[in-house]
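Residue numbers (full-length UniProt numbering): 1 to 494.
We treat Cβ as the ideally placed atom computed from N, Cα and C, and that holds for glycine.
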């Protein structure tokens, strides 16, 4: 007989799949694999029935691959141990709640799942229903509906639990994929503790995980849930997947994102065959830079100059002015602007310095964080970024209630700041159907180069490294003009 500690460890390993899928309804709990003996003499028909039932049960034991399957091997467990607690778990164990849950907000009836992914989730739910891991239940008054739970196992590890909701399994799978992505970065070693796992998961930004999760969902469906192929694909598997997505109308950029996501799982995508395939996709469906030319900042500066004096501006226009000035005078991303904190704004005799202490897209070890420097323009206060920021902080002081964030009411995310910039550009006469809020980064850096500012200073101000070619390759754009090159012919004397 084994010790209780070893028995528990063996039980947990054997029930690993059951722990992930959760016994929402463990049917046939406590049943034995053997039929009770018949007292009456067997007839020919009853013998055939018993033979069929025995063959059916034997087939079930051989092909059991769903949650709660361990109870079918109860007779084998009896040979291993006589521990009543362990044998009770083998028959079926329902995870108890620490206290009765109360339903405060019911999940919305309207599906929050994108239509293009609903087929995938329906297939997953259908598979769980077919294997018996879950079953449909009727609505009751005391029911509790939720999309996601986490609970610790006896050994302290977290497990994913999928309640009986329409798309609850979706969130469980998303969680598992994110954990696996972090584990892959450790060369596939899965015997790491939860604290190390949390640190590894933090190495990926939320936006990256969200973008790659779309790829993982499609990848999961493409391989039919075969975990061996999903986590250990070969080059041909990845090539066939990319080709299938190409047939669905995916463009070069989307396919390149799929490839990058799968590179986290396996190095099979880093091959000459995949490189050749992607070059062929570019030839068939070429991808070009978003902007061929850029708008002139002059009309925007004229619009900003009219928003004066500052004391007479309503909060909405004052916010638009300060955001446009910071964006044009720093050439920084909207994400950087959203990380500005009051405590990091330093006023001096020359102007103000803003140090960004939060992690942003360009943050990296041994790389300096962005530092935004805005001098005072005493000769033209209408366009003075420094004085506008100081006035804005004082005007919104009562709205922030002592909080450290820069925006009024609550911190503004990059998307909100982009909308404010876009609204200001639209008021300035810029075509916002073509240009987004991020285009200020192109316009400001390109205008600075035309004005004679050294390219090294432009890279430092905008957050590019000295060796980076991002500015010259993607951001330096000529002004949109109606002057055509061929017009020089008119000036020639024949």
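For the alpha helix (DSSP H) that residue i lies in, which residues bound it at each end?
i: residue 272; result: 272-284
i: residue 299; result: 298-306
i: residue 447; result: 439-450
i: residue 232; result: Per DSSP, residue 232 belongs to no alpha helix (DSSP H) and is neither H nor E.
i: residue 212; result: 206-222
i: residue 89; result: 84-91
i: residue 500; result: Not covered by the structure: residue 500. The range shown for the chain is 1 to 494.
i: residue 414; result: 414-427
i: residue 317; result: 315-330
i: residue 256; result: 252-263
i: residue 456; result: 455-462
Give the straight-line distance between the Cα atoms of residue i and residue j, rounded to the nearest whole angstrom.
i: residue 291; j: residue 433; result: 12 Å
i: residue 303; j: residue 330; result: 18 Å
i: residue 216; j: residue 258; result: 8 Å
i: residue 477; j: residue 362; result: 22 Å
i: residue 455; j: residue 479; result: 18 Å
i: residue 373; j: residue 404; result: 19 Å
i: residue 207; j: residue 296; result: 31 Å
i: residue 353; j: residue 344; result: 8 Å
i: residue 398; j: residue 340; result: 18 Å
i: residue 227; j: residue 320; result: 51 Å
i: residue 209; j: residue 220; result: 16 Å
i: residue 264; j: residue 76; result: 40 Å
i: residue 294; j: residue 468; result: 21 Å
i: residue 312; j: residue 406; result: 21 Å
i: residue 84; j: residue 78; result: 10 Å
i: residue 497; j: residue 260; result: With the chain covering only 1 through 494, there is no way to say anything about residue 497.
i: residue 115; j: residue 429; result: 37 Å
i: residue 218; j: residue 224; result: 10 Å
i: residue 69; j: residue 357; result: 52 Å
i: residue 140; j: residue 212; result: 38 Å
i: residue 442; j: residue 379; result: 27 Å
i: residue 322; j: residue 134; result: 55 Å
i: residue 466; j: residue 473; result: 14 Å
i: residue 125; j: residue 74; result: 28 Å
i: residue 470; j: residue 347; result: 32 Å
i: residue 196; j: residue 214; result: 25 Å
i: residue 426; j: residue 342; result: 29 Å
i: residue 385; j: residue 305; result: 11 Å
i: residue 269; j: residue 250; result: 18 Å
i: residue 452; j: residue 411; result: 36 Å
i: residue 53; j: residue 203; result: 54 Å
i: residue 256; j: residue 274; result: 10 Å
i: residue 122; j: residue 87; result: 35 Å
If you measure between the beta carbons of residue i and residue j, is that distance less than 7 Å?
i: residue 285; j: residue 252; result: yes
i: residue 91; j: residue 119; result: no
i: residue 413; j: residue 338; result: yes
i: residue 375; j: residue 350; result: yes
i: residue 308; j: residue 382; result: yes
i: residue 318; j: residue 424; result: no
i: residue 440; j: residue 458; result: no
i: residue 235; j: residue 287; result: no
i: residue 233; j: residue 266; result: yes
i: residue 444; j: residue 328; result: yes
i: residue 370; j: residue 437; result: no
i: residue 310; j: residue 391; result: yes
i: residue 237; j: residue 248; result: no
i: residue 334; j: residue 389; result: no
i: residue 336; j: residue 360; result: yes
First and last residue of the beta strand (DSSP E) that includes residue i?
i: residue 400; result: Counting along the chain, residue 400 falls outside any beta strand (DSSP E), though it belongs to the alpha helix (DSSP H) covering 397-400.
With DSSP as the reference, please indicate the residues paired to residue i in a beta bridge.
i: residue 351; result: 375
i: residue 345; result: 354
i: residue 405; result: 341
i: residue 294; result: 479
Hey, does residue i have any beta-carbon neighbour from chain D nearer than 7 Å?
i: residue 309; result: Included in the structure is just one protein chain, with no chain D present.
Fill in: Stretch-stretch touch, CB-based, cutoff 8 Å, three pairs: the stretch 263-280 with the stretch 231-249
yes
Item to complete: State whether the stretch 293-301 contacts the stretch 360-374, with contact taken as three or more CB pairs (one from each stretch) at a distance under 8 Å.
Response: no
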